[in-house]
Amino acid sequence: MKGSNLSDPLIYVLDMVVFVGIFSILAISLNLEYGFTGLANFGKVAFFMVGAYTSSIAANMGVPYFVCIVLATTLAGFVGLLVSLPALKLRADYLAIVTLAFGEILRFIFKNESWIAGGVRGTTVPSAFLFVNLPIRTMMTVQIILVYSVLLVCYIVAQMLVNSPYGRVMRSIREDELAAQVLGKDVFKYKAQTFTVGSAMAGAAGSLFAQYMRFIDPYTFEPFLTFTVWMMIILGGPANNLGVIVGAFIVQVLERGARIAKDYLLLPIDPHNLRVMLIGILIILILLYRPQGMFKESKVKTPALEVAKKWKKSS
Amino acid sequence: MINWGQVLFNSAVTGSLYLLAAVGLTLTYGLSKFPNFAHAEFMAFGAYAGYVVAEELHLGFQLSFLVAFLATAVLGAASYLLVFRPLSRRGASIIHLMVASIGLGFFVRHALQQIWGGAPLTFTVSWSCFDVGPVRITTLWLSLIGAALLMSVVMHLILTKTKVGKAIRASSSNPELALASGIDVEKIALITWMVGAALAGVGGLFRAADTRLVPLLGWEILLPAFAVVILGGIGSFYGALIAAYILGLAENLGVVLLVSLKLSTDYRLAIAFLILILTLIFKPSGFGKLFGEGIKPV
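Protein sequence lines, in the order shown, are assigned to chains A and B. Heads up, the first sequence is in the numbering used here, so the first residue is 22 and it goes up one at a time. Heads up, the second sequence is in the numbering used here, so the first residue is 35 and it goes up one at a time.
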């Protein structure tokens, strides 16, 4: 779909809207892990990759897309649970190293084992909407509806989770793990469950990505992808699900802006290098000067809070 | 027929490389309490600095090691002074420090790629090679083992005999107490970052001379380096010493196994990953406790 960018600016904008949607799902999933629970998942791309590959392999075997995305979500969640288990009882840095390493190992496997999905040559993926032959603009609109429906589901699930008593335990683990343990919470169980849900959402995003791109190869899943998702969270504001969606939008604008700037300003620098260096420096600057991000942590919405607000108004 | 002598010799070579790569990582990890993912780019940076001296300025290969050492020390100092110390002073969490180190790593790697391009570069220096019995040896491999040995002896003397070395150990095991005893913890951290980065730079140059020079050079051996650090116990120099050679041996035995199973030798990375996971499951503190060093994993 990338070839049609220049001929039709509207398609370019719609393409960006789809990307913002897919990355928003990733950002919400990492926000559950890092923003609310304080888990450092540096291998988000691994679970995105599991989803993308599962979905493509299933779709190539003729499985309907609805089943593909369910498979991708389930498998990614399961893999997430398995990978996180050895490191969850230890400090945050151990989980970071293990997840980062896992992403690289997985990429090596998909690269070397050409029987799985084409190895380095990659594999084509049938679109979710094969049965109708639509003009490209309509096709993009249908894609946007699909991606944003999944995003909406993820957003609602995440919001319900973090505003429930469960979500308060998540925040308490982030703030003071020992205190949560003293209150009798099984911290390990909460962490493992959060990581599973987060990985499952990443799997759904991967499935959407694969069917939209119609082609995946191991080079799509570089560690830099994980880093851009971290950028979305830290820029948008951790523990604020709307904030990270804004973050996802801004990072997309930055990424594409670097490419456009190269074309129109004739900068003597490779656009990919420019993009990576820009994001690398920006994240350090944000961490230095505005570590809380653009948006503050969202308040917990509980029935008690509503009552208290009413009572405050009436008095 | 498997040439076991060669396997053992290769293990010593691989172990020496991992030792040079991991020493700085474990020392800065122990002192600043976070894993520096940009350590990979310290290795690549040192290799490119050496390349400029040896291949672009034609000043000889020996000098290139000195320059790699010094240039990477400067990069290490700059990283600490411009990124990590300001972040620590502002009370950044361990996760923020890790994210910043990844950001720094990407910046350095792509700056290198912008200047020298992503295509592999090679050193034109040729190494004489000779056979001892069935074992093939090159002077490059011998110098790599020699460098690792020299580094170990010098580091051991520094850590045990000098004030700076004792201060490094003190600041690593208990920063508050070290500060109360009149140790300038931030100065000690700066020295550690410089030395750690410099050693990584030398390791990177060896790796580049042995294989090829790409911006991803350091990233490719970051996972084994982390396996060494965790198996050795975070912050433990002596633990890293043992762990590096264990990993070197495991990887070379693993390659023999992979070849006999007709699998890609790219999976040697998976051996490091396996050791990492097994350490986390069975003994997260690694060998750290053996030497009374290292920081607690929980």
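No residue lacks a Cβ here, since even glycine has one placed at the ideal position from N, Cα and C. Remember, it's a predicted structure, so these values are computed and weren't measured experimentally.
Exercise. Is any beta-carbon of chain A found at less than 9 Å from that of H144 of chain B?
Worked result: Taking 9 Å as the CB threshold, H144 of chain B lines the interface with chain A.
For this session: Flag this pair as yes or no: are the beta carbons of R158 of chain A and L31 of chain A separated by less than 9 Å?
Result: It is a contact, given that the beta carbons lie within the stated cut-off.
For this session: Given a cut-off of 9 Å, decide if G143 of chain A and D238 of chain A are closer than it, judged by their beta-carbon atoms.
Result: It is a contact, given that the beta carbons lie within the stated cut-off.
Exercise. My guess is that F76 of chain B and G252 of chain B are in contact by the Cβ rule of under 8 Å, so how many angstroms apart are they, rounded?
Worked result: Between G252 of chain B and F76 of chain B the Cβ distance is about 7 Å, and since that is below 8 Å, they are a contact.
Problem set entry | Beta-carbon contacts of A93 of chain A that lie in its chain and below 7 Å, excluding the five residues immediately before and after | Shown here for A93 of chain A: same chain residues with a beta carbon closer than 7 Å to its own, the five before and five after excluded, namely G72, T75, S76, G224, A225, G227 and S228 in chain order.
For this session: In the DSSP assignment, find the unbroken beta strand (DSSP E) run with D165 of chain B in it and report its ends.
Result: Where D165 of chain B is concerned, the enclosing beta strand (DSSP E) stretches over C163 to V166.
For this session: Give a yes or no on whether the C-beta atoms belonging to A232 of chain B and L59 of chain B are separated by under 9 Å.
Result: Between A232 of chain B and L59 of chain B, the CB-CB gap reaches or exceeds 9 Å.
For this session: Determine the burial state of G180 of chain B: buried for a count of at least 16 other Cβ atoms within 10 Å of its Cβ, exposed for fewer.
Result: The residue is exposed, with fewer than 16 neighbouring Cβ atoms inside 10 Å.
Exercise. Using Cβ-Cβ distances below 7 Å, what residues of the stretch 305-329 of chain B are close to chain A?
Worked result: Within the stretch 305-329 of chain B, the residues whose Cβ lies closer than 7 Å to some Cβ of chain A are F307, L310, I311, L314, I315 and P318, listed in chain order.
Exercise. Is it buried or exposed for R195 of chain A, if we count other Cβ within 10 angstroms and need 16 for buried?
Worked result: Label assigned to R195 of chain A: buried.
Exercise. Which partner residues does I237 of chain A have in the DSSP bridge list?
Worked result: Beta bridge pairing from DSSP links I237 of chain A with A:T144.
For this session: Report the residue from A:M70, A:V183 and A:N262 whose alpha carbon sits nearest the alpha carbon of F129 of chain A.
Result: Nearest to F129 of chain A by C-alpha distance, out of A:M70, A:V183 and A:N262, is A:M70.
Problem set entry | Boundaries (first-last residue) of the beta strand (DSSP E) holding V169 of chain B | For V169 of chain B, the uninterrupted beta strand (DSSP E) run begins and ends at V169 to T172, by DSSP.
Exercise. Under the three-state reduction of DSSP, which class applies to K247 of chain B: helix, strand or coil?
Worked result: According to the sequence shown, residue 247 of chain B is Leu rather than Lys. L247 of chain B falls in the strand class under three-state DSSP.
Exercise. In the DSSP assignment, what residue or residues form a beta bridge with L155 of chain B?
Worked result: In DSSP, L155 of chain B forms a bridge with B:L247.
Exercise. Would DSSP call K322 of chain A helix, strand or coil?
Worked result: Coil, per DSSP.
Exercise. Taking the alpha-carbon positions, what's the T249 of chain A to F57 of chain A distance?
Worked result: Per the coordinates, the alpha-carbon of T249 of chain A lies some 19 Å from the alpha-carbon of F57 of chain A.
Problem set entry | 9 Å Cβ cutoff, L115 of chain B in contact with chain A | Not one chain A Cβ lies under 9 Å of L115 of chain B.
For this session: Examine the Cβ distances between the stretch 296-311 of chain A and the stretch 44-57 of chain B and report whether three or more of them are shorter than 8 Å.
Result: With a cut-off of 8 Å, the stretch 44-57 of chain B and the stretch 296-311 of chain A do not count as touching, because too few Cβ pairs lie within range.
Exercise. Whose CA, out of A:D29, A:Y33, A:V38 and A:V34, lies closest to the CA of A269 of chain A?
Worked result: The shortest Cα separation from A269 of chain A among A:D29, A:Y33, A:V38 and A:V34 belongs to A:V38.
For this session: Might you give, ordered along the chain, the residues of its own chain that have their beta carbon closer than 6 Å to the beta carbon of T172 of chain B, omitting 5 neighbours on each side?
Result: If you ignore the 5 residues before and after T172 of chain B, its C-beta comes within less than 6 Å of the C-beta of W161 and C163, all in its own chain and listed in chain order.
Exercise. Three or more C-beta pairs closer than 8 Å, one from the stretch 303-311 of chain B and one from the stretch 255-269 of chain B: is that the case here?
Worked result: Contact between the stretch 303-311 of chain B and the stretch 255-269 of chain B is present, because at least three Cβ pairs lie under 8 Å.
For this session: Could you name the residues of the same chain whose beta carbon sits closer than 7 Å to that of A282 of chain A, not counting the 5 residues immediately before and after it, in chain order?
Result: Scanning its chain for C-beta atoms nearer than 7 Å, with the 5 sequence neighbours on each side dropped, one finds around A282 of chain A the residues L288, in chain order.
Problem set entry | R112 of chain A - DSSP class collapsed to helix/strand/coil | The DSSP-derived three-state label of R112 of chain A is coil.
For this session: Could you list the residues in the stretch 66-85 of chain B with a C-beta less than 8 Å from some C-beta on chain A, going in chain order?
Result: For the stretch 66-85 of chain B, which is checked against every Cβ of chain A, the residues closer than 8 Å are F68, P69 and F71.
Problem set entry | Whole-angstrom distance between Y176 of chain A and P324 of chain A, CA atom to CA atom | Approximately 20 Å, taken between the alpha carbons.
Exercise. Between A200 of chain A and chain B, is there a C-beta pair that is closer than 9 Å?
Worked result: No, A200 of chain A lies away from the interface with chain B (no Cβ there is under 9 Å from its Cβ).
For this session: Could you tell me how far apart the beta carbons of V248 of chain B and P120 of chain B are, in whole angstroms, since I believe they sit closer than 8 Å?
Result: With 8 Å as the limit, V248 of chain B and P120 of chain B do not qualify as a contact, their Cβ atoms being about 31 Å apart.
For this session: Within 10 angstroms of the Cβ of V119 of chain A, are there 16 or more other Cβ atoms? Answer buried if so, exposed if not.
Result: With a 10 Å radius around the Cβ and a threshold of 16 neighbouring Cβ atoms, V119 of chain A comes out buried.
For this session: Determine the contact status of M228 of chain B and V108 of chain B, defining contact as a CB-CB distance below 9 Å.
Result: Taking 9 Å as the Cβ cut-off, M228 of chain B and V108 of chain B qualify as a contacting pair.
Exercise. Taking DSSP as the reference, what is the three-state secondary structure of A260 of chain A?
Worked result: Coil.
Exercise. Whose Cβ in chain B lies nearer than 7 Å to the Cβ of G18 of chain A?
Worked result: Because residue 18 of chain A is not part of the residues shown, which for chain A are 22 to 336, the question remains open.
Exercise. When the Cα of K320 of chain A is compared with those of A:H293, A:V183, A:V272 and A:V66, which residue comes out closest?
Worked result: Ranking the options by Cα distance to K320 of chain A, first place goes to A:V183.
Exercise. Which of the residues in the stretch 43-68 of chain A, read from start to end, lie with their CB under 8 Å from any CB of chain B?
Worked result: Those would be Y55, G59, A61 and F63, in chain order.
Exercise. Can you give the beta carbon distance from L53 of chain B to I305 of chain A, rounded, assuming they're within the 8 Å contact cut?
Worked result: Their Cβ separation, rounded to whole angstroms, is 30 Å, which puts L53 of chain B and I305 of chain A out of contact at 8 Å.
Problem set entry | Buried versus exposed, by CB contacts within 10 Å (16 or more), I276 of chain B | Looking at its Cβ environment, which holds 16 or more other Cβ atoms inside 10 Å, I276 of chain B is buried.
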